Amino acid sequence: SSPAWQEIRSLVEAAAGCVSLGTVSLENNIPPGVEVFADPLIERVFTNLIDNALRHGEKVTRISFGLKRGGDSCVIFCEDDGVGVPVDEKEKIFSYAYGKNTGLGLFLAREILSITGITIRETGNPGEGARFEMICPPDMIRAPVSQTG
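When you line the sequence shown up against my numbering, it's residues 1 to 149, in that order.
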């Protein structure tokens, strides 16, 4: 199916429902009503980010999603308080077939997001946690009028 407007907060909730969080808390700080224009598989991208945090973060107690506006773009971020991603792996993790047992994988996540011009990068500090930022072009995000100010 083709790209469509989807409420980000609901996508995060649906993605969180697909994984077993155990004792890890998930904070959904995405404001209600904000939508992203993306491939329907974006929900699986969010599921993959949560799953990766649980699988590779080792000491994760918290995973949070949020939204940050800056300049002419909007960033959806997913961060955790685990071990983070080593500097020399920040780009490698997006390679095809990187790592083992990766399921959907960050390679496919990047492909899915790129359909509507969204880019993804890892910007966390090693040792403090991973942070994935999905940078959305301004015309790929829309919010209720009351929330754009």
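For every residue, glycine included, the Cβ atom is placed at its ideal position computed from N, Cα and C. Quick caveat, the model's predicted, so the values are computed rather than measured.
### Task
Determine, using beta carbons only, whether Ile30 and Arg55 come nearer to each other than 8 Å.
Not in contact: Ile30 and Arg55 (Cβ atoms no closer than 8 Å).
### Query
How would you call Ser95, buried or exposed, if buried means at least 16 neighbouring beta carbons within 10 angstroms?
Label assigned to Ser95: exposed.
### Task
To the nearest angstrom, report how far apart Phe77 and Ser64 are at their CA atoms.
Distance between the alpha carbons of Phe77 and Ser64 is about 8 Å.
### Query
Curious, which full-length beta strand (DSSP E) runs of at least 3 residues does the region 12 to 64 contain?
The qualifying runs are 25 to 28 and 35 to 38.
### Message
If contacts are defined as beta-carbon pairs under 8 Å, then Ile120 and Glu133 qualify, I think. What distance do you get, rounded to the angstrom?
### Response
That pair is a contact at about 7 Å.
### Whole-Å CB distance - Ala130 paired with Ala53, under 8 Å assumed
Yes, they are in contact, since the Cβ atoms of Ala130 and Ala53 sit about 6 Å apart, within 8 Å.
### Query
Who are the near neighbours of Gly22 in its chain, counting only those whose CB is closer than 8 Å to its CB and skipping five residues on each side?
Taken in chain order, the residues that qualify are Leu54.
### Query
What's the call for Cys136, buried or exposed, on a 16-neighbour Cβ count within 10 Å?
Counting C-beta atoms within 10 angstroms of its own C-beta, Cys136 has 16 or more neighbours from the protein chains shown and is therefore classed as buried.
### Proximity below 8 Å, CB of Ala4 to CB of Leu113
Between Ala4 and Leu113, the C-beta spacing is not below 8 Å.
### Task
Can you give me the Cβ contacts of Arg62 inside the same chain, cut-off strictly under 6 Å, excluding the 5 residues immediately before and after it?
Ser25 and Asp81, listed in sequence order.
### Query
Using the C-alpha atoms, what's the distance from Pro126 back to Pro86?
Rounded to whole angstroms, Pro86 to Pro126 spans 5 Å at the Cα level.
### Query
Which partner residues does Leu67 have in the DSSP bridge list?
Answer by DSSP bridge pairing, in chain order: Ile76.
### Query
Do Met34 and Ile42 have their C-beta atoms within less than 8 Å of each other?
Looking at the sequence shown, residue 34 is not Met but Val. No, the pair does not count as a contact, with Cβ atoms beyond the cut-off.
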